[in-house]
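Residue numbers (this note's numbering), protein chains in the order written: chain A, 98 to 446; chain B, 3 to 630.
Backbone N, C-alpha and C fix where the C-beta goes; we use that ideal spot for every residue, glycine too.
Only a predicted model underlies this, so the values are computations on that prediction, with no experimental measurement involved.
Before any comments, here is the structure.
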Amino acid sequence: MNLSFILPDDTGANIAPKDEPSAPSTLHLMPVEHAIRATGLTKRYGDFTAVDGIDFTVNRGESFGLLGPNGAGKSTTMRMIAAVAARSGGTMEVAGLDPEQNGPEVRALLGVIPQQDNLDEELSVRENIIMYGRYFGLPRRWLNTKTEELLEFAQLTHKATSRVEDLSGGMKRRLTIARALVNEPEILLLDEPTTGLDPQARHILWDRLFRLREAGTTLVLTTHHMDEAEQLCERLIVVDQGRIMAEGSPAALIREHSTREVLELRFGLDRNQEQAEQLSTLLDAADASGSIGFSHVEVLPDRLLVYAASAESALERIHAAGLRPITSLVRRSSLEDVFLRLTGRSLVD
Amino acid sequence: MTDQLHVRPGIETSTSPAADKHALAGRVRRVGALHQAERTLRSMRAYGAVILFSSVSQPIMYILAMGLGLGVLVGDGGDFAQYGASSYLMYIGPAILASTVAMSAGIEFTFPVMEGFKWRRLYYGAQASPLSPGQIASGHILAVSVRFAVHAAIFTVVLALFGAVSSPWAVLQIGSALLGGLAIGLPIMAYVSTLRDEKGQMSLIQRFVIMPLFLFSGTFYPLTNLPGFLQVIGWFSPIWHANELGRVLAFSQPTPAWMILVHVLYLLGITAGGWLITVRIFSRRLGLEEWRGRTPGAKADARRQTRMAARDGADVERSAAERSSADRSAPERGASDRSAPERGERPASDSAATLPRIVFRRGFAANYYSGNIRAVFGRGLTAIRNNRGVIFLSGLLEPVLFLTSFGLGISPMIASVDAEQVGLGGGGTISYAAFIAPALLAVSAMNGAIFDSTWNVFFKLKITKLYRTMMSTSLGPVDVAVGEIALALFRGGIYALGFLGVLMIGGLVDPLAAVLMFFAALFIALGFASVGMAVTSFLSRFQQMDWMMMVLIPMFLFSATLFPISVYPAGVQVVIQALPLWHGVELMRDIAFWDFGALTLVHIGYYLVMTVIGLSVTTYRMKKLFLR
Ligand SMILES: Nc1ncnc2c1ncn2[C@@H]1O[C@H](COP(=O)(O)OP(=O)(O)O)[C@@H](O)[C@H]1O
Ligand SMILES: [Mg+2]
Numbered sequence: 098m099n100l101s102f103i104l105p106d107d108t109g110a111n112i113a114p115k116d117e118p119s120a121p122s123t124l125h126l127m128p129v130e131h132a133i134r135a136t137g138l139t140k141r142y143g144d145f146t147a148v149d150g151i152d153f154t155v156n157r158g159e160s161f162g163l164l165g166p167n168g169a170g171k172s173t174t175m176r177m178i179a180a181v182a183a184r185s186g187g188t189m190e191v192a193g194l195d196p197e198q199n200g201p202e203v204r205a206l207l208g209v210i211p212q213q214d215n216l217d218e219e220l221s222v223r224e225n226i227i228m229y230g231r232y233f234g235l236p237r238r239w240l241n242t243k244t245e246e247l248l249e250f251a252q253l254t255h256k257a258t259s260r261v262e263d264l265s266g267g268m269k270r271r272l273t274i275a276r277a278l279v280n281e282p283e284i285l286l287l288d289e290p291t292t293g294l295d296p297q298a299r300h301i302l303w304d305r306l307f308r309l310r311e312a313g314t315t316l317v318l319t320t321h322h323m324d325e326a327e328q329l330c331e332r333l334i335v336v337d338q339g340r341i342m343a344e345g346s347p348a349a350l351i352r353e354h355s356t357r358e359v360l361e362l363r364f365g366l367d368r369n370q371e372q373a374e375q376l377s378t379l380l381d382a383a384d385a386s387g388s389i390g391f392s393h394v395e396v397l398p399d400r401l402l403v404y405a406a407s408a409e410s411a412l413e414r415i416h417a418a419g420l421r422p423i424t425s426l427v428r429r430s431s432l433e434d435v436f437l438r439l440t441g442r443s444l445v446d
Numbered sequence: 003m004t005d006q007l008h009v010r011p012g013i014e015t016s017t018s019p020a021a022d023k024h025a026l027a028g029r030v031r032r033v034g035a036l037h038q039a040e041r042t043l044r045s046m047r048a049y050g051a052v053i054l055f056s057s058v059s060q061p062i063m064y065i066l067a068m069g070l071g072l073g074v075l076v077g078d079g080g081d082f083a084q085y086g087a088s089s090y091l092m093y094i095g096p097a098i099l100a101s102t103v104a105m106s107a108g109i110e111f112t113f114p115v116m117e118g119f120k121w122r123r124l125y126y127g128a129q130a131s132p133l134s135p136g137q138i139a140s141g142h143i144l145a146v147s148v149r150f151a152v153h154a155a156i157f158t159v160v161l162a163l164f165g166a167v168s169s170p171w172a173v174l175q176i177g178s179a180l181l182g183g184l185a186i187g188l189p190i191m192a193y194v195s196t197l198r199d200e201k202g203q204m205s206l207i208q209r210f211v212i213m214p215l216f217l218f219s220g221t222f223y224p225l226t227n228l229p230g231f232l233q234v235i236g237w238f239s240p241i242w243h244a245n246e247l248g249r250v251l252a253f254s255q256p257t258p259a260w261m262i263l264v265h266v267l268y269l270l271g272i273t274a275g276g277w278l279i280t281v282r283i284f285s286r287r288l289g290l291e292e293w294r295g296r297t298p299g300a301k302a303d304a305r306r307q308t309r310m311a312a313r314d315g316a317d318v319e320r321s322a323a324e325r326s327s328a329d330r331s332a333p334e335r336g337a338s339d340r341s342a343p344e345r346g347e348r349p350a351s352d353s354a355a356t357l358p359r360i361v362f363r364r365g366f367a368a369n370y371y372s373g374n375i376r377a378v379f380g381r382g383l384t385a386i387r388n389n390r391g392v393i394f395l396s397g398l399l400e401p402v403l404f405l406t407s408f409g410l411g412i413s414p415m416i417a418s419v420d421a422e423q424v425g426l427g428g429g430g431t432i433s434y435a436a437f438i439a440p441a442l443l444a445v446s447a448m449n450g451a452i453f454d455s456t457w458n459v460f461f462k463l464k465i466t467k468l469y470r471t472m473m474s475t476s477l478g479p480v481d482v483a484v485g486e487i488a489l490a491l492f493r494g495g496i497y498a499l500g501f502l503g504v505l506m507i508g509g510l511v512d513p514l515a516a517v518l519m520f521f522a523a524l525f526i527a528l529g530f531a532s533v534g535m536a537v538t539s540f541l542s543r544f545q546q547m548d549w550m551m552m553v554l555i556p557m558f559l560f561s562a563t564l565f566p567i568s569v570y571p572a573g574v575q576v577v578i579q580a581l582p583l584w585h586g587v588e589l590m591r592d593i594a595f596w597d598f599g600a601l602t603l604v605h606i607g608y609y610l611v612m613t614v615i616g617l618s619v620t621t622y623r624m625k626k627l628f629l630r
């Protein structure tokens, strides 16, 4: 047993899950309670730092997300977990092993779903799963049975003998996932699992991922869709430019970094900025009693976001003051707002 | 796509010329093909050094190897006076020009077209601009024509410098060679532009179309040297027509006027027809017009689907049968499965059928080699099985074609080869066919291994990214590299068996030697595959493959395959002896003529070194490429 990571240390304390009820001390007494643990993880490409010293821990059986815009360094982090990219600095343990020292062994524990489907076009759908299993050294006889089970799971049984080329985007994605499950991985790495899929295909996929979570598989997924993160992740880190901006469960992050509700207003392109200041002053003054719970106003190119505990009362106030926005919308806060608050930019540009 | 935007200044980049959309459209209608040609030429310019270098070096190499080398063997050239040539070199010069153009047509009209439609979908980018599909096709043809013309011009100059032309009309060879290249290339381009998918058709075209048309085109000997039925191939071959035209132009080969007319009309006819059909196919494929509701290649796909379904069905039945028999013996199996996990194994999780243990190699280099080469090899076999069998078998054809062409075509000019002269003990003479047969086996082993380890590996590395997928499983880089090399050897082994069979039927080798030669062929293939893979791991673009070809062709020409090394001065001999193929050729001859000596060991040692270096570099690069 490797003792070095059992001892509590500063970096470990920083990243202990915020709303995890179990105290760090009990956590650390377990042998390898965490599936993945990274400290000071860094990746440089020449002068450019893609991942800039990040720390995180993924517990066993948890579903953990990396949320961030394109280029944040999510895929790079995933590739370092999967032992297909060398670290420039920091440590990494996957099930207690260093991926760089024990590549094949670590990858045997993992199921990897890369950002781009890379199915084998020279093989049929079924052969894709079987051959992938063979790469893990699994016996063909066992694979024949397992493959039927996975095709069923991915709802591809009727396509078993088709060429990969003849599959739709959603089917390809499901096949990639089925293929990654062939070694019954303990940890599943999903890099933007649903990007580019239509809503229906995406919901089918989510459903499959829920089932895996139920079955106790550790899920690590990256996404730049906050709804996906809210749906699938118990805990997540928000990354931007290779750094961790915040960490916690989706609900806790929203609670911490945003108000309960948001009021979206459009005044027309050229008037947004001047209206923002006016609104700020107005709502600050009106909120003396605290009934609105006003926090602040964000200006986006096409609209204003008014952050308040009660967006409805804020809107009443605004109307009462004689302001007439072209459109108004009351909604709950989302991770998008968290990201906006933390970085001053929106997640999907 | 952005390329196209950049190379057509004045259309997208600045606003003022683009303001008048009507005038713009008219201009593009008139000269759009030129825009596309310019674009292609510019992208060629990126590797223009390669093109220029090959245009200069090819003629020199062919002149030195075939003209002078084979010329020594063929005789003093007196026989060629009847054709109007003063030497063997002069006789083959124009034909080599036409042949090299035709060979490069086989590349320029296939891969870039496939790239345009499928691999990089460049044409779909051009299509979004005001260019018409026909202009895209014509643009490519024009650009390639420019390249051919430059090549032919340089070639002609080099021939003249060697005194291998005797008529000022030789300049017109540029036209005849270009026409020959288009006549062979355009029908191929038309065919390739109907393909939805590259499933080995490129190598089929090389082996079944371009090779026979080249080998039986009377390039290295008069077509009449061949038996009648093989001459027929020559009559159809655009290369033969271009050769004959070139000969008329370069040294006034006596030819009746009507025959000249036939050559010209034949080449013009095919070129015009091929061009029209290509433009039409491009228009259909890139335009809105459907294939009358039919997808090209759909029928073949459907047939293949049925075949695969039948095979899969069999597999499923087999596995179902196995499952039911396994169920019966389940209790014992379950018990043994639950034994304590041992070192290097991971305990199985409980599911319907328990996951068998994933076993790792531990210890030395466990990070690079997981002990599962079999899986990589197995994947290759499955892929070969899924492809058309004819593609696999076509590899057999190449050495047989070479042997037929040179054996039958050159033999009338060379009665026999003096054993002493070719460095074989025992004295006496051997037939020319028996002389080249073992060497051709070595050449074919090299070609097969190089093809598998360069084109195929490049494809899996850069285009399909198969290796990346493999490296996300428990495979290590060594498993992938060795598995791929094993696959190349498997394929090479089958080709060697086939060729040796032909040689035995022809009485050119005896059975015992054949067995040893089989293993020698695998050994040679191993050396080339290892080095080929190592080199490929450094390449990043298709065009860099040209460099590879530029090494292979001289190696073949100067390998003492078609004539003994003794025809060269000592200085040149040393260079040839440093090249790997010479060692392979000599090793094969040592076995075939049962003439072993200390040099035999040197040949073997040479390949051992190649293999070790190649494998080490490959492994190192694989790690670099996939663990970045
Ligand atoms: N192989 C590479 N070489 C150089 N830069 C790279 C490489 N891979 C990724 N990058 C850069 O690293 C940054 C992070 O990339 P990536 O991890 O793919 O981001 P994400 O997945 O979050 O969109 C990007 O700016 C990207 O351009
Ligand atoms: Mg990414």
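For residue i, the nearest candidate out of the options (CA to CA)
{"i": "B/Asp639", "options": "B/Ser413, B/Ile432, B/Gly411, B/Gly409", "result": "The structure shown does not extend to residue 639 of chain B, since chain B is modelled only from 3 through 630, so no value can be given for it."}
{"i": "B/Gly534", "options": "B/Arg543, B/Ala522, B/Met547, B/Tyr370", "result": "B/Met547"}
{"i": "B/Ser285", "options": "B/Ile138, B/Leu225, B/Val160, B/Ser205", "result": "B/Ile138"}
{"i": "B/Leu66", "options": "B/Gly95, B/Ala35, B/Val445", "result": "B/Gly95"}
{"i": "A/Glu249", "options": "A/Phe233, A/Leu235, A/Val279, A/Phe161", "result": "A/Val279"}
{"i": "B/Ser455", "options": "B/Gly430, B/Gly495, B/Thr538", "result": "B/Thr538"}
{"i": "A/Glu331", "options": "A/Leu240, A/Lys171, A/Leu163", "result": "A/Leu163"}
{"i": "B/Tyr370", "options": "A/Arg352, A/Met323, A/Pro196", "result": "A/Pro196"}
Check: residue i C-beta below 6 Å from any heavy atom of ligand 1
{"i": "A/Thr291", "result": "no"}
{"i": "A/Thr173", "result": "yes"}
{"i": "B/Tyr223", "result": "no"}
{"i": "A/Asn167", "result": "yes"}
{"i": "A/Gly345", "result": "no"}
{"i": "B/Tyr469", "result": "no"}
Proximal residues to residue i (C-beta, below 7 Å), its chain only, five neighbours per side dropped
{"i": "A/Ile423", "result": "Arg363, Phe364, Gly365"}
{"i": "A/Asp209", "result": "In the sequence on display, residue 209 of chain A carries Val and not Asp. Cβ within range, chain order: Ala179, Ala277, Leu286."}
{"i": "A/Glu325", "result": "Thr291"}
{"i": "B/Tyr622", "result": "none"}
{"i": "A/Met127", "result": "Legend: pLDDT at A/Met127 = 41, less than 50; position of this residue unreliable, no value from coordinates given."}
Proximal residues to residue i (C-beta, below 8 Å), its chain only, five neighbours per side dropped
{"i": "B/Ser169", "result": "Leu251, Ala252, Phe253, Ser254"}
{"i": "B/Val76", "result": "Tyr90, Ile412, Met415, Ile416"}
{"i": "B/Gly336", "result": "Bear in mind that a pLDDT of 36 at B/Gly336, under 50, signals an unreliable position, so the number given afterwards is only what the model happens to contain. Excluding sequence neighbours, B/Gly336 sits near Thr356."}
Nonlocal neighbours in the same chain, by C-beta distance under 6 Å from residue i, ignoring five residues either side
{"i": "B/Thr602", "result": "Asp592"}
{"i": "A/Met156", "result": "According to the sequence shown, residue 156 of chain A is Asn rather than Met. The answer, listed in chain order, is His131."}
{"i": "B/Asp5", "result": "At B/Asp5, the pLDDT of 37 sits below 50, so the modelled position is not reliable and the matter cannot be decided from this model."}
{"i": "B/Leu398", "result": "Tyr497, Gly500"}
{"i": "B/Ala185", "result": "Pro240, Leu269, Ile272, Thr273"}
{"i": "B/Pro556", "result": "Met63"}
{"i": "B/Thr613", "result": "Leu528, Gly529, Ser532"}
Ligand 2 heavy atom lying under 6 Å from the CB of residue i
{"i": "A/Gln212", "result": "yes"}
Just by C-beta distance, which residues in the segment 313-326 of chain A are closer than 7 Å to chain B? Residues of the segment 313-326 of chain A with a C-beta atom less than 7 Å from some C-beta of chain B do not occur.
Residues from the segment 465-484 of chain B in contact with chain A, defined by Cβ distance under 7 Å: So the list reads Thr466, Lys467, Leu468, Arg470, Thr471, Met472, Met473, Ser474, Thr475, Ser476, Leu477, Gly478, given in the order they occur along the chain.
Quick one, which residues of the segment 528-546 of chain B are near chain A if we go by CB-CB under 9 Å, in chain order? Taking 9 Å as the Cβ-Cβ cut-off against chain A, none of the residues of the segment 528-546 of chain B qualify.
Mind checking the segment 172-196 of chain A against chain B and listing, in chain order, the residues whose C-beta falls within less than 8 Å of any C-beta there? Across the segment 172-196 of chain A, CB contacts with chain B closer than 8 Å involve Ala179, Ala180, Val181, Ala182, Ala183, in sequence order along the chain.
Taking Cβ-Cβ distances below 9 Å as the criterion, which residues of the segment 364-381 of chain B are in contact with chain A? If you check each beta-carbon in the segment 364-381 of chain B against every beta-carbon of chain A, the ones closer than 9 Å belong to Arg364, Ala368, Asn369, Tyr370, Tyr371, Ser372, Gly373, Asn374, Arg376, Ala377, Val378, Gly380, Arg381.
Interface positions of the segment 218-245 of chain A facing chain B (Cβ-Cβ less than 7 Å), listed along the chain: Sequence-ordered contacts of the segment 218-245 of chain A with chain B read Glu218, Glu219, Leu220, Ser221, Arg223, Glu224, Met228, Tyr229, Arg231, Tyr232, Phe233, Gly234, Leu235, Pro236, Arg238, Trp239, Asn241, Thr242, Lys243 [C-beta pairs closer than 7 Å].
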